[in-house]
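Presented below is the structure to which this report refers.
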Amino acid sequence: MILNTLFSVAFKNEIGKYEIKDITIFEIKDMNFLFDFFNIQLVDGSLMVNFKCPICEKWHGFTYQAVDLFKQELIISGCKTLGVPVVFIGAREKIENITKRYNQINGSMYAAF
């Protein structure tokens, strides 16, 4: 069985748009900040995601099992205060599809003001 170790991370920026970057499972150990105010680490088989929320400006932390990257299509982390998705981790195609919809909705909301 061949595992694809490449995955993407999308992070909602301060203007409400998602930025997407690609990373491999092997790069996580050396990764400090993939985005501003975003940290992802692999520690003892756990994937630790910490970020300063662009919505409430508090730091949120989530821990997942590293194997979840291969088992789940998409990992979603969000604002613990408001429940809004802030981070998507998974296959680039899935992330592009979902963030495209969110970016369109956010763009429509900003255009209304």
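Under my numbering, the first residue of the sequence shown is numbered -8, with each subsequent residue one higher. All C-beta atoms in this analysis are idealised placements derived from N, C-alpha and C, irrespective of residue type, glycine included. A quick note: this is a predicted structure, and the numbers were derived from the prediction, not measured.
Under the DSSP assignment, LYS12 falls in the beta strand (DSSP E) whose first and last residues are 9 to 15. Annotated three-state conformation of PHE26 is coil, per DSSP.
For VAL0, the number of other beta carbons within 10 angstroms of its own is at least 16, and it is reported as buried. Ranked by Cα distance from ASN4, the first of VAL75, GLU84, LEU60 is VAL75.
DSSP lists MET39 as the bridge partner or partners of GLN32. Relative to the Cα of GLN63, the nearest Cα in the group GLU48, PHE53, LYS85 belongs to LYS85.
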